[in-house]
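Sequence order for the protein chains is U and C. First residue of the first sequence? That's 1 in the UniProt record's numbering, and the numbers climb one at a time after it. First residue of the second sequence? That's 1 in the UniProt record's numbering, and the numbers climb one at a time after it. Ideal Cβ placement from N, Cα and C applies to all residues, glycine included.
2 protein chains.
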Amino acid sequence: MKKLLAAGVMLALVVTLAGCGKLSFSSDATDSSSGTATSKYQTTGTVDSSMYQGVIKNGRYQTSSARGLTITTNTQGSNTYNIKSMESGLKSISMTHFSTSKYDLEEGQLISTATAENWLARQSSSNPDGLNPAKGSGADYQTKRPEYLATLLEQDYMVANGNSLKLGGISIALGMNEYYYYQKKAYGATYSTHIDTPTLNKAGRAMAAKVVARLRKMKGVSNDTPIVVALYKNADQDALVGGTFFSSVTSKSGTQLGDWKTINEQNQVLPVVENEKALNTTVANDFSNFSDQIENFFPTLAGVTAQTHYESGQLTGMNITVNTQFYGQTEIESFTQYVASSAQKYLPSGSKIEITIQSTSGIQAFVARESGEKSFYTHVFGSY
Amino acid sequence: MKKLLAAGVMLALVVTLAGCGKLSFSSDATDSSSGTATSKYQTTGTVDSSMYQGVIKNGRYQTSSARGLTITTNTQGSNTYNIKSMESGLKSISMTHFSTSKYDLEEGQLISTATAENWLARQSSSNPDGLNPAKGSGADYQTKRPEYLATLLEQDYMVANGNSLKLGGISIALGMNEYYYYQKKAYGATYSTHIDTPTLNKAGRAMAAKVVARLRKMKGVSNDTPIVVALYKNADQDALVGGTFFSSVTSKSGTQLGDWKTINEQNQVLPVVENEKALNTTVANDFSNFSDQIENFFPTLAGVTAQTHYESGQLTGMNITVNTQFYGQTEIESFTQYVASSAQKYLPSGSKIEITIQSTSGIQAFVARESGEKSFYTHVFGSY
C-alpha cells in the first residue's frame, strides 16, 4: 500500500462497476480541459449507486496479487461455480460495511501469491503459517484432520485521499470445504469426507483471528482499518451451483474481532432432482410452469434449468439456462420474445432474473430483469 | 395456406419480435376475462414498433416447412454467418414493403422441404424444376455452368383477418454463390470458381421470375399477394462475416416483376488484414483507437475484432468480439465497464453496436447500444 499512498505522480482512473445498467459519463479526465494530467483519479459517473467503482493505475486494471491462485492446494477447486459465487457474495457482504458511494473496489493487493499458498497449505515445520491443520501422526489424518480451508479471497476498499486513493477497508473470504477431497496415494482414486457446519464454523473462526492479526502487521494497514472476514462453504464438486456464506465478523481495530453474525443463504438448482425437496415450493412451481410453457412452444427444446439463490429464506435471484436447437435467426427472435413474455407471466416478481438462451454454438439471446425492475430487457445476438 | 385460412378453431398467439428492448405486455388472451378461447390471436404489445411480431399456432411456434434445409446442395453452406445475415437482411428489406404495424411474420410455410431441394438442385430430366443450370455436355460444367443458387429463404407476412390471420405478402431471398465450391470426384479436394456480380445478377433475375410464377400457383397465394424477391451474395467459406444483398424486385400481381432495385450493402471485418483497404477509414481508425484503449487496460487481452455493416456507404452496425482470459468476476465487471466507457468515447455514434466479451469458457458479459440510443446497456453474466 505504501506505493499507492506515495503515488503523487500516478494517474488513477476509476471506472463504474455497474453489473448492469445504462451508463452515463459524468466526467472525463482525459479531456484536455480538465485538471492536471499527473495526479488525479476520476469516475465515469454511475446510474446504479449500488455498485462499486474499480481502480485503475497507470491506465491498467489492478489485478489481485494472488490472481488465479486464490483457488488452490489440491482438488478442492474443481467446481468453478464456487469461485464466481464467492467473489460476488463477498462484494455483497462488503456493501453493508463499505458504502458504494464512498468506497471504490480494488482487487486484493496485500496478500501475495506466495503468502496465499502458504496460508492455504497445511501447517508444518517448513510452513508455520499454514492455516490448515498439521498432518500429525497416524495415516488417517485426511479424515481426522481434513483441510478445512480451500480458498482465500481478498478485496480492498479504497477511499479518496486528496488526489489519490487510500485503503479504507479490507474484506476477506475464507472458502471452507464442506466436502474434503483427497487421494490416498498420488494419482489414486479421489475420496471425500464430509465436514459438518459447526466444525467448519469453529475452524473458520480460529483462522479468521489469525488472518486479522497477520493483516494488521502488513504495510498500509493501519490499526483501525476495518477488516471484514466472511466464512464461505464451498459446494461439492458435482454441484451445478456454487456454495454460500454462513458467517461473518468485523474487526474494527487491532486484533479484536467483533461478534460473529450468522448469514442465512441457500442455493438450489431447479428442477430439483429426485428425492430432493424444493427450498421453496412456490418458486419451484412457478419455475415449473414457466418451463412447461416454453417447452410446449418450441419443437426442439432440450432443457431448462435454474440456479436459485435465497437470502434469509427469500428468493433474491434466479439464473435460468435454456438449451435448445435453432435453425435460424427468426426462430431465435420469436423464441426470445416468448421466453420474456412467459417469464413476465410465470416467474416470481421482485427478484433478479437472468435467462440465457443457448444452442450448441453458444449463447443466442438473453433476457434479464434487474432487481427492482418490472420489465425484462431482451437481446438477440446478431451477425452480419 | 388453406389450413391457416380455415382455422376457425385455431388458437393463434402472436408474440413480439423485438430484437432488443424493454417488453411491456398490453394484453393477455389467456386471462380468463378475455374473449373466447377457441379462435383468436393476440399481441404481447410492443415498445419497439420497428419489429415484426411472430405467429404461434395451437401454442406452438411455426417453424418453416423447409426448416434447416434452406441451406443445402453441397459445400456451399459452410459459412454459417451467411445464414444469419441473409435472414435478418431479408427481414430488413421486407420492412420497406410490409409495415411492422400491420404485418406479422411467419416462417415460410409455402415451399416445402422437398420443393426447396428440387429448386436448389441442377435442372435435369429427373428434376425439371431445378433452378441451377443443367450439367450439359463436357467435363468442365462446374466452371462453365456453376451452380449459381445455393440457398433459398421464404418469409410469410401475415395480416389480421377477423379472428384469424391471412397471408398478406411473401419475401424470398435467393442466396447466390460468389464462389462456387465443387469436388472433381467424390470426397476429393475442393475447388472453387469465382462468379462475378453481373453474371449472378443475370442468373438471379431469371430465377426470380420462375420463383414468382411458381408461387402464384400455390394454394393460399392470390394473384395480387405482393411477392418480394431479393438476391443475396454468399460470402466465401472462410469469411468471418456473412454476405450482402445486392438486388431486389417486387411482383405486385401475376407473374409480372417490377423494376429491379440495386441494393448497396457492404460488410467488412476489422481490423483489416494486410493488403485489404478499409471501406471507411474513419470507422477503421475509431475501432483501432477503441481496441488500443482496451488492450492497454487489461493484462491478458487476446484480441478484439469487429464485423461492420454498411448500407449505401454509411455504417449501420458493428458487432465486436473481445476475447480475453479472466480469473475472476471482479475483473470481468471492471473490464465490462471499461469497455462500455471506451466504446462511448471512441466508437462511431449513431450506429447500432453490440460488444460481446468472451473467455475460453464462453460469453462473460455484453455491452450494447441500440440504433438511435445514446447510452450503452451492460450486462455481466452471473452465477450463484
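Extent of the continuous beta strand (DSSP E) to which residue i belongs
i: D104/U; result: 103-107
i: V241/U; result: Where V241/U is concerned, there is no enclosing beta strand (DSSP E), given that its DSSP letter is neither H nor E.
i: A368/U; result: 362-369
i: L229/U; result: As written in the sequence, residue 229/U is Val, which differs from the Leu given in the question. Where V229/U is concerned, the enclosing beta strand (DSSP E) stretches over 227-234.
i: N264/U; result: Looking at the DSSP string, N264/U is not in any beta strand (DSSP E), and its letter there is neither H nor E.
i: Y377/U; result: 377-380
i: N319/C; result: 314-324
i: K57/U; result: 53-57
Residue-level contact to chain U via CB, residue i, 8 Å cutoff
i: N368/C; result: The amino acid at residue 368/C is misidentified as Asn; the sequence shows Ala. Yes, contact with chain U.
i: V241/C; result: yes
i: S312/C; result: no
i: residue 394/C; result: In the structure displayed, chain C extends from 1 to 384; residue 394/C sits before or after that span and is not available.
i: K233/C; result: no
i: T305/C; result: no
i: K84/C; result: yes
i: D54/C; result: The question names Asp, but residue 54/C is Gly in the sequence shown. Chain U contact via Cβ: present.
i: E178/C; result: no
i: S88/C; result: yes
i: residue 405/C; result: Nothing in the structure corresponds to residue 405/C, since chain C is present only between 1 and 384.
i: N289/C; result: no
i: Y346/C; result: no
Below-8 Å beta-carbon distance, residue i vs any chain C residue
i: H194/U; result: no
i: N163/U; result: no
i: I363/U; result: yes
i: G328/U; result: yes
i: N285/U; result: no
i: S222/U; result: no
i: Y81/U; result: yes
i: K356/U; result: Residue 356/U is actually Thr in this sequence, not Lys. Answer yes: the Cβ-Cβ gap between T356/U and chain C drops below 8 Å somewhere.
i: G382/U; result: yes
i: S371/U; result: no
i: F297/U; result: yes
i: L105/U; result: yes
Through-space distance from residue j to residue i, alpha-carbon basis
i: Q256/C; j: A209/C; result: 8 Å
i: I227/C; j: K217/C; result: 13 Å
i: N163/U; j: V339/C; result: 24 Å
i: S94/U; j: F246/U; result: 14 Å
i: T143/C; j: Y180/C; result: 8 Å
i: I320/U; j: S371/U; result: 15 Å
i: S375/C; j: R369/C; result: 6 Å
i: P271/C; j: F287/C; result: 8 Å
i: R145/C; j: T63/U; result: 60 Å
i: T73/C; j: T360/U; result: Annotation note: pLDDT 48 at T73/C (below 50); position unreliable, no value reported.
i: G350/U; j: Q344/U; result: 11 Å
i: G303/C; j: N161/C; result: 52 Å
i: S112/C; j: Y384/C; result: 45 Å
i: D196/U; j: G317/U; result: 26 Å
i: L200/C; j: V367/C; result: 38 Å
i: I355/C; j: T250/U; result: 40 Å
i: D238/C; j: Q364/C; result: 26 Å
i: I172/C; j: K277/U; result: 52 Å
i: E373/C; j: S192/C; result: 43 Å
i: K185/C; j: A150/U; result: 59 Å
i: I170/U; j: K233/C; result: 58 Å
i: A114/U; j: D156/U; result: 18 Å
Span of the alpha helix (DSSP H) around residue i
i: Y81/C; result: 81-95
i: I332/U; result: 329-346
i: Y157/U; result: It is not in any alpha helix (DSSP H) - Y157/U instead sits in the beta strand (DSSP E) that spans 149-161.
i: N285/C; result: 281-297
i: Q256/U; result: No alpha helix (DSSP H) contains Q256/U, which DSSP labels as neither H nor E.
i: E373/C; result: From DSSP, E373/C is part of no alpha helix (DSSP H); its letter is neither H nor E.
i: E117/C; result: 113-120
i: Q237/U; result: Looking at the DSSP string, Q237/U is not in any alpha helix (DSSP H), and its letter there is neither H nor E.
Assumed close pair residue i, residue j - CB separation to whole angstroms, cut-off 8 Å
i: K102/U; j: R122/U; result: Rounded, the Cβ-Cβ distance is 39 Å, inconsistent with contact.
i: V159/U; j: L165/U; result: 7 Å
i: G242/C; j: N267/C; result: 7 Å
i: D104/C; j: V55/C; result: 6 Å
i: N132/U; j: D236/U; result: Rounded, the Cβ-Cβ distance is 19 Å, inconsistent with contact.
Heavy atom of the ligand GTP within 7 Å of residue i beta-carbon
i: G168/C; result: In the structure shown, the ligand GTP is absent, as is every other ligand, since no ligand is present at all.
Sequence ranges, beta strand (DSSP E) only - wholly within the segment 171-216 of chain C, length at least 3
Whole beta strand (DSSP E) segments, 3+ residues: 179-183, 190-194.
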